[in-house]
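Asks: Attaching a single structure in structure tokens format; questions to follow.
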Amino acid sequence: MRIGVITFPGSLDERDAQRAIRIAGAEPVALWHGEHDLHGVDALVLPGGFSYGDYLRAGAIASVSPIMAEVIDAANKGMPVLGICNGFQMLTEAHLLPGGLIRNESGHFVRRDQKLRVENADTAWTANFTANDEIVIPLKNGEGGFIASEDELDRLEGEGHVVFRYLEKNPNGSLRDIAGITNDRGNVVGLMPHPEHAVEPGFGPDTTDAMRSGVDGLTLFTSAIAQLQAV
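Just so we're aligned, residue 390 is where the sequence shown starts under this note's numbering, counting upward by one.
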């Protein structure tokens, strides 16, 4: 399986995403925002960072980069697409996911290891989880507050489109503690925490077993690979 990772001006986690894909057992493919070519990849990751310096709104300019025309087309045809942090912001700006992300309620950038509950284990990126699994992956954002209208929030909840929910502490003021969502089809997922930073022992969050041993983020990538292999 070949999974593309798109670099935008200001991306800073694309190498981490590529590494996570490689550890999960697929081939990472570096893609450039200015191209109109996905190079035959089977899935896509929009990584974290500060694309275009977060001017206008986080993810707003990146959402109209040349390659996003191909991303939107591929997503609408069913290709698995994962947006992490700034990538999540791009997906909402490109209308591949509903809602939006605003400045953290505290007004400050937040960095912490965050506990989440897996609400939906039926997406392309969560199929190897079980619903209600509790996981810990790093979070780091300044504009991570998820917002949507009350009607949209009710729809997301009612149709099972909330994928991850913050537990114990809501770090950014996201409505209804929403940390990640999916589209109707389940192939597009966006989340604010960073699974690519929890894929290898010695470099992840602390666990009860050992310091820095958490690898809960790896399951998002192995889920997508397993789903692709099953097709």
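Every residue gets a Cβ at the ideal spot worked out from N, C-alpha and C, and that includes glycine. Here the structure is a predicted model, which means the values were calculated and not measured.
(1) By Cβ distance, which residues of its chain are closer than 7 angstroms to D598, with the 5 residues on each side in sequence left out?
(2) Answer yes or no: do T611 and A413 have a C-beta to C-beta separation smaller than 7 angstroms?
(3) Note down, in chain order, each residue of its chain lying with its Cβ closer than 6 angstroms to the Cβ of H550, except the 5 sequence neighbours on either side.
(4) Per DSSP, which one or two residues make a beta bridge with G534?
(5) Looking at C-alpha atoms only, which residue of D605, S400, R544 is the closest neighbour of L486?
(6) Rounding to the nearest angstrom, what Cα-Cα distance links H428 and V577 in this structure?
(7) What is the rounded straight-line gap between the Cα of E523 and the Cα of D462?
(8) Could you pull the DSSP bridge partners for E523 from this structure?
(9) What residue from V470, E539, Q618, D540 has the CA that sits closest to L433's CA?
(10) In its own chain, which residues sit with a C-beta less than 6 angstroms from the C-beta of Q616, not counting the 5 before and 5 after it?
(11) Between the Cα of N530 and the Cα atoms of D540, E403, R492, which residue gives the shortest distance?
Replies: Based on what the coordinates show:
(1) none
(2) yes
(3) Contacts found: I570, T571.
(4) According to DSSP, G534 bridges with I491.
(5) R544
(6) 19 angstroms
(7) 33 angstroms
(8) R506
(9) V470
(10) A513, A516
(11) R492
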